[in-house]
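Presented below is the structure to which this report refers.
Numbering (this note's numbering), first residue to last: 748 to 1096.
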């Protein structure tokens, strides 16, 4: 499953695009359905292994298309069972995905970009800047090439990058994941996280049925701007106004991610403002302990303070949970492993 020159890739194409490939090569129309079956049901992209495709067409496909899928180049395993996988993209950058087993549930946290241009102050990925956005094939590769692929119950787009900053390819990946001709997953198995790219939020909500998670971290725009520069372009108030127009009471849900930073966003006035900001939105808040990154001035409060913060929000009528920290011993926070690999690669040059 290695990289193959600059050839076009079959993996990531939808049925209409596969039909166009078949027409271009003089293949029968029904072959498009066969190709989709091989690619997304059997996870096979090598045309020579597609035994129900005529030999001459297998050869033509092999000539025109290269392979997009590649196995992880490194894996770190935590004492709690979390695994951090490092992949090298077709463009030569490094991305991460985290496999998180939890009883009967197994979640994979995937990346949508190599690096990120959002520049959040508490995130190691943001320090890298944006190297390139991933193709749908590169996004799906993190799932398909995962050794634990058959154990997965859920996928969350919460790894490196801002999914709504790469919306076309994320939508393509979601289509392949959820359509019957693709992986055939229920949208309820998938959550996409955003820092609040309001310009693409409506399109995302209209074209998908997957869950949404919004990185909030501070309800006051002027304070949020200090840790999340995206606030300058798209205010969290604008994001909340958009979400208030949608129904999240049935199968689809919206949650707000809130990294608790001691002395910065955990006061009674923050609780009051959170209630005001989220009024009218059926949602929950996930409180997250801050995973320390090198050179960061931020700290996570102790467990007692986290519990008080959670209970105060719950008492105000907002369902609030404290997310369990996983994989801290293997640098499971977004961007740490790839940053380390990038530095090592530069030293080897």
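C-beta atoms are modelled at their ideal positions from N, C-alpha and C, and glycine is treated no differently.
Residue i classed as buried or exposed, judged by whether at least 16 other C-beta atoms fall within 10 angstroms
i            : result
residue 889  : buried
residue 763  : exposed
residue 749  : Residue placement at residue 749 is poorly supported in this model, since its pLDDT is 42, which falls under 50; the coordinates are not used for a value here.
residue 800  : buried
residue 753  : exposed
residue 1025 : buried
residue 933  : exposed
residue 802  : exposed
residue 1145 : The displayed coordinates of the chain run from 748 to 1096. Any statement about residue 1145 would go beyond what the structure contains.
residue 777  : exposed
residue 751  : Here the model assigns residue 751 a pLDDT of 43, short of 50, so the residue's position is not dependable and the matter cannot be decided.
Top-ranked residue by Cα proximity to residue i, from the options
i            : options              : result
residue 987  : 1009, 964, 945, 1005 : 945
residue 993  : 771, 953, 1007, 852  : 953
residue 971  : 956, 936, 1005       : 1005
residue 855  : 864, 863, 900        : 900
residue 821  : 830, 1071, 895       : 830
residue 1053 : 1068, 865, 925       : 1068
residue 760  : 896, 920, 966, 805   : 920
residue 773  : 808, 758, 814        : 808
Start and end residues, alpha helix (DSSP H) containing residue i
i           : result
residue 997 : Element bounds for residue 997: n/a, residue is neither H nor E.
residue 811 : 802 to 811
residue 770 : 762 to 771
Element boundaries [beta strand (DSSP E), containing residue i]
i           : result
residue 849 : 841 to 849
residue 877 : 877 to 880
residue 782 : Note, residue 782: premise wrong, no beta strand (DSSP E); alpha helix (DSSP H) at 778 to 783.
residue 891 : Segment 883 to 891 is the alpha helix (DSSP H) holding residue 891; no beta strand (DSSP E) there.
residue 861 : 860 to 862
residue 821 : 821 to 824
residue 758 : From DSSP, residue 758 is part of no beta strand (DSSP E); its letter is neither H nor E.
residue 831 : 830 to 835
Any chance the region 980 to 994 sits against the region 944 to 964, with 3 or more Cβ pairs inside 8 angstroms? Counting Cβ pairs under 8 angstroms, three or more are found: they touch.
If we require 3 or more residues per run, which beta strand (DSSP E) segments fall completely within the region 978 to 1066? The qualifying runs are 1001 to 1007, 1030 to 1036.
Kindly confirm or deny that the region 963 to 977 and the region 1010 to 1024 touch, where touching means at least three C-beta pairs closer than 8 angstroms. Yes: the two stretches touch, three or more of their Cβ pairs being nearer than 8 angstroms.
Residue ranges of each alpha helix (DSSP H) run of no fewer than 4 residues wholly in the region 898 to 983, ordered along the chain? For secondary structure counted as the alpha helix (DSSP H) over 4 or more consecutive residues, the region 898 to 983 holds these complete runs in sequence order: 914 to 925, 945 to 954, 968 to 974.
Is the region 841 to 850 in contact with the region 878 to 898, if contact means three or more CB pairs nearer than 8 angstroms? When Cβ pairs closer than 8 angstroms are counted between the two stretches, the region 841 to 850 is seen to touch the region 878 to 898, the count reaching three or more.
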